[in-house]
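Residue numbers (my numbering): 190 to 319.
Notes to accompany the following structure.
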Amino acid sequence: MAYIKFKELTKYFDLKMEVREDDLPDYAKEYIEDNEQIILSYKNSKDYAVFTDKKMVLFDRDSLAVYYKKIHIIPYISISTSAINFKPGKTELLLSLDSGYQMHINFIDMNHDKKENLKRVFKIMMKTKI
């Protein structure tokens with residue numbers, strides 16, 4: 190009998206505020222290729238998430254160690270299954286990657302327009318799989 194240990198890729202991301210492309214820090218823009226278009230960016234007090242037309246880049250900064258950050262670059266093609274869960278004031282993005290890892294990204298303080306923007310990103314993520 191095989192035993193498969195489940196290990197989550199990262200802690201839950203709780204993203205709160207939408208960020209314009211011009212307001213992204215330079216280190217976040219370094220991971221975006223010239224042939225990619227930034228669709229949506231979010232942040233909370235320490236983390237950033239950038240969604241392009243080909244991949245998502247997640248910056249997981251440690252608030253205790255200013256210079257420590259973990260960067261996840263996830264091409265949409267590596268997503269095996271996904272779900273988007275709309276709740277009042279909140280949206281959850283649940284992803285399973287081809288590697289077996291799972292991710293859970295929460296978007297907090299969501300109104301109707303912000304949910305529509307996320308729905309658009311989700312459709313682009315899934316269209317890339319085809």
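A virtual CB, placed ideally from N, CA and C, is assigned to each residue, including glycine.
Item: If residue 242 sits next to residue 261, beta carbons under 8 angstroms apart, how far is it from one beta carbon to the other, in whole angstroms?; Value: In fact, because the Cβ distance is near 18 angstroms, the residues do not count as touching under 8 angstroms.
Item: Give the DSSP-derived three-state secondary structure of residue 192 in the structure shown.; Value: The pLDDT assigned to residue 192 is 49, lower than 50, so where the model puts this residue is not dependable, and the model offers no usable value.
Item: According to DSSP, is residue 302 helix, strand or coil?; Value: helix
Item: Could you tell me the distance, in whole angstroms, from the CA atom of residue 290 to the CA atom of residue 266?; Value: 14 angstroms
Item: Where does residue 307 sit, in a helix, a strand or coil, going by DSSP?; Value: helix
Item: Beta-carbon within less than 8 angstroms of residue 306's beta-carbon, same chain only, minus the 5 sequence neighbours each way: which residues are those?; Value: 207 and 229
Item: How far does the beta strand (DSSP E) with residue 237 in it extend, from its first residue to its last?; Value: 237-241
Item: Quick check on the DSSP output: the beta strand (DSSP E) that includes residue 203 runs from which residue to which?; Value: 202-204
Item: Spatial neighbours of residue 216 within its chain, please: C-beta separation below 7 angstroms, excluding the five flanking residues on both sides.; Value: none
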